[in-house]
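For the sequence shown, position 255 (counting from the first letter as 1) is numbered 255 according to my numbering, and the numbering increases by one without interruption.
Contents: one structure, followed by commentary.
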Amino acid sequence: MSASIQQLKQQLTRTPQDPELHYELGRHYLALKQAEDAEQAFLQALQWAPDHPQILMQLGNAASLRGDESVAANYFRQSLAQDAQQADVHFNLANSLRKLGENALAIQHYQQSLALAPGDAECHNNLGNAYREQGQLDLAVAAYAQAIKLDPQLLHAKVHWIHQKQHMADWQGLDAAIAEVRAALAQSPQAQIPPFAFLAMPGTTAAEQLACASNWAQLHYGHIQPLAATQQSSQPENQQRIKIAYLSSDFRRHPLAYLVTDVFAAHDHQQFEVFLYSNSKDDHSSERLALLAAANHWIDITSMPDVAVAAHMQRMGIDVLVDLTGYTQNSRSGIAAYRPARTRINWLGYPGSMGMVNGQPLFDAMIVDGTLNDVVLAEQPVVLPCYQANNAQRPMAEADTRKAHGLPEQGFVFCCLNQSFKITPDVFASWMRILQQVPGSVLWLLQCNQWATRHLQAQAKVAGIAADRLIFAPRTSIAQHIARQQHADLMLDTAPYNAHTTASDALWQGIPLLTVAGDTFPARVSASLLKHIGLNECICADWTALEQRAITLAHDASALALLKSKVKSQAGVLFEPHTFCLQLEQAYRQLLSRA
């Protein structure tokens, strides 16, 4: 206990009805991130100063620290009812609303906060985040730019600016900004650099990505104390089922569902008990229902703070916690910092290490394969034949004709249906050189957003390629998206962030994929899948070799037919969830034997 807290408590024994002393005590607890103690102190203060706007705001802050954003939002609203001119309370309310998924309302409160305090760089940054989640990428980038202008040291605003410009395929100024972010990472462990965006920045190394993840983990989870150990059951281990908790924000209609659902269902329920901890709203989809059916237990954690989820896992006696989201959207990885299970595994959702906290890995182990095992990780690597699981089937639909998809009936179709943030200037320049060497060919891309479409068309013209040789595939259902891929002749990969589920979608349809194996985890995923199905000839030594191979295949119909037939006959190995599940169960047993 700090000396200041001790002193305040002594003063309170003399004047227990002094709201200011209770308030100060709460602020000290809040600074130490002790949410429950802070909340109690602020409630005491409120008892002696009812409806005080600052106390109500601090109660909101304590609830937010506990992870209870609906309670936090209610306190912030009560505070604003007492005094609507508080910029910081509008800002805090907007933050809670954004976490609750109420972005439109959050934007209003960020704007009200900025009307009262226009120089608040952090508020401009968070307004950018809310715009981003609304799909208003131009407004998001402008908000981030304003944040950086007001505070050039606000690194996370710079990272968001870079990442959204990548989504828009607007590459102007990116090289210099990325160099600044990398320099800041090297100089300051306090640098707030969101790890997922960092993975996609060209030039970042595996060691830098690990350092970035560790800094982030330390900043966000360094204050968390592991739960006190409970008495383990005295039953002999061989009479107990191993309890696995899969944690995800994507148990819904999402690419993850097409990778793991059949693996969950394939677990030997005599030996394993499957808990799904879901942090996603019910989208009433068939994918969610299939996930529900695959589990022994389904726990909705959308309104549960991390500590409550960790305590639930501990009460359930969870042996293995598997985080399938990592540092991607709506991450709940803080749960792992409470150490609620005998062993904790990072797998599939985030293509990289989750880093170190207080000198120890946040996760004990990470599921990899031989190709991915070369990358530097904080976790102990668990090496399976292939790291990516897949359902036995992909959703099926009619493929329709080439013409129906805006593709030429004759002519070679190169495709890359990855998200636009993965397309770098170097990769795009390589694609344009390929198109120049293959007359009548087109490049089929995913229509991610209006800005990316415009920028890529403009870049094609600069490279001397007619804009109409880029065909943009509109968003559609997963079944139709997978089915239409059979109209492509050859898929070209991206770097440093490869195709992941998109790669297995293409291979499922028998479409060959050309890649170059990089040095980081996200840059080696396609190579991992291709090696697993014995297609080493699709892993090129470098981008010059990839260009040459793509051009050769486009001009040699029989070589392409042979390669397609090889993909069709061998890709099935990727889609064997029962086999994968047996390998996974064996890995769990080995990890637990050492835990």
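We treat Cβ as the ideally placed atom computed from N, Cα and C, and that holds for glycine.
Q. Between the C-alpha atoms of L219 and Q192, what's the straight-line distance to the nearest angstrom?
A. Within the sequence shown, residue 219 is the residue found at index 219, counting from 1. Within the sequence shown, residue 192 is the residue found at index 192, counting from 1. Here the alpha carbons of Q192 and L219 stand approximately 8 angstroms from one another.
(Q) Quick check: the Cα distance between P194 and E409, rounded to an integer number of angstroms? (A) The sequence position of residue 194 within the sequence shown is 194, counting from 1. The sequence position of residue 409 within the sequence shown is 409, counting from 1. Cα to Cα, P194 sits roughly 44 angstroms from E409.
(Q) Just to confirm the assignment: which complete beta strand (DSSP E) runs, minimum length 3, are found wholly within the segment 488-532? (A) Taking 3 residues as the shortest admissible run, the segment 488-532 contains the following complete beta strand (DSSP E) segments, listed from N- to C-terminal end: 490-492, 513-516.
**Q.** Check whether P351 and F521 have beta carbons under 8 angstroms apart
**A.** Numbered from its first residue, the sequence shown carries residue 351 at position 351. Numbered from its first residue, the sequence shown carries residue 521 at position 521. The criterion of a C-beta distance shorter than 8 angstroms is satisfied by P351 and F521.
Q. Whose C-alpha, out of A311, H267, Q270, D283, is nearest the C-alpha of R253?
A. Along the sequence shown, one-based indexing puts residue 253 at 253. Taking R253 as reference, the option from A311, H267, Q270, D283 with the minimal CA-CA separation is D283.
Q. For V322, which option in S285, V260, Q360 has the closest C-alpha, if you only look at C-alpha atoms?
A. One-based indexing of the sequence shown puts residue 322 at position 322. Considering only alpha carbons, the answer is V260.
Q) Starting from I551 and walking both ways along the alpha helix (DSSP H), at which residues does that stretch end? A) Stepping through the sequence shown from its first residue, residue 551 is reached at position 551. Element bounds for I551: 543-555.
Q: Below 6 angstroms CB to CB, which residues in the same chain sit around A265 once its five sequence neighbours on both sides are set aside?
A: What you label residue 265 is simply residue 265 of the sequence shown in a count that begins at 1. Cβ neighbours of A265 within its own chain (closer than 6 angstroms, five residues either side excluded): A294.
Q: Compute the distance between the beta-carbons of V71 and S79, then report whether it is under 8 angstroms.
A: By 1-based counting over the sequence shown, the position of residue 71 is 71. By 1-based counting over the sequence shown, the position of residue 79 is 79. Contact: no.
Q) Under a Cβ-count criterion, where at least 16 other Cβ atoms within 10 Å of its own Cβ denotes burial, should Q172 be classed as buried or exposed? A) Stepping through the sequence shown from its first residue, residue 172 is reached at position 172. Residue burial is scored here from C-beta neighbours: Q172 has fewer than 16 other C-beta atoms within 10 angstroms and is therefore classed as exposed.
Q: Flag this pair as yes or no: are the beta carbons of S285 and I301 separated by less than 8 angstroms?
A: Counted from its first residue, the sequence shown places residue 285 at position 285. Counted from its first residue, the sequence shown places residue 301 at position 301. The answer is no: Cβ separation not under 8 angstroms.
Q) DSSP on S286, reduced to helix/strand/coil? A) Stepping through the sequence shown from its first residue, residue 286 is reached at position 286. S286 sits in a helix when the DSSP states are folded into three classes.
Q) In its own chain, which residues sit with a C-beta less than 6 angstroms from the C-beta of L25, not counting the 5 before and 5 after it? A) As a first step, residue 25 is located in the sequence shown; it is residue number 25 there, counting from the start. Annotation for L25: L8, A41 place their beta carbon closer than 6 angstroms to its own, counting only its chain and skipping 5 residues before and after.
Q | Cβ-based neighbour list, L46, same chain, cut-off 8 angstroms, excluding 5 preceding and 5 following | A | Looking up residue 46 in the sequence shown gives position 46. Short of 8 angstroms from the beta carbon of L46, and not among the five residues preceding or following it, lie these beta carbons of its own chain, in chain order: P19, H52, I55, L56, L59.
Q) Once you ignore the five residues that flank Q235 on each side, which residues in its own chain have a CB closer than 7 angstroms to its CB? A) To locate residue 235, count along the sequence shown from 1; it is residue 235. Confidence at Q235 is low in this model, with a pLDDT of 43, below 50, so the placement of that residue should be treated as unreliable; the coordinate-derived value is given next. Within the same chain, Q235 has no close Cβ partners at all.
**Q.** Between the CA atoms of N61 and Q82 - distance to the nearest angstrom
**A.** The count along the sequence shown starts at 1 and reaches residue 82 at position 82. The count along the sequence shown starts at 1 and reaches residue 61 at position 61. Using only the alpha carbons, I get a separation of about 17 angstroms.
Q. Under 8 angstroms between the Cβ atoms of Y131 and I107?
A. Your numbering for residue 131 matches position 131 in the sequence shown. Your numbering for residue 107 matches position 107 in the sequence shown. A contact, by the Cβ cut-off of 8 angstroms.
Q | Nearest-angstrom beta carbon gap, T501 and P255 [assumed within contact, 8 angstroms] | A | The residue labelled residue 255 in the question sits at position 255 within the sequence shown. The residue labelled residue 501 in the question sits at position 501 within the sequence shown. Here P255 really is in contact with T501; their C-beta atoms are around 4 angstroms apart, less than 8 angstroms.
Q: Go through its chain and collect everything with a Cβ distance to R402's Cβ below 8 angstroms, but skip five positions before and after it.
A: Translated into the one-based positions of the sequence shown, residue 402 becomes position 402. The residues are P408, E409, V413, H487.
(Q) At the level of alpha carbons, what is the spacing between I178 and Q153? (A) By 1-based counting over the sequence shown, the position of residue 178 is 178. By 1-based counting over the sequence shown, the position of residue 153 is 153. The straight-line gap from Cα to Cα measures roughly 14 angstroms.
Q. Can at least three beta-carbon pairs, one atom from the segment 385-402 and one from the segment 244-251, be found at a separation below 8 angstroms?
A. Counting Cβ pairs under 8 angstroms, fewer than three are found: no touch.
Q: Report the option in L546, R589, E537 whose CA atom is closest to the CA atom of K566.
A: Looking up residue 566 in the sequence shown gives position 566. Between K566 and the set L546, R589, E537, the nearest pair of CA atoms involves E537.
Q) DSSP beta-bridge partners for C540? A) The residue given as residue 540 occupies position 540 in the sequence shown. Partner(s): V516.
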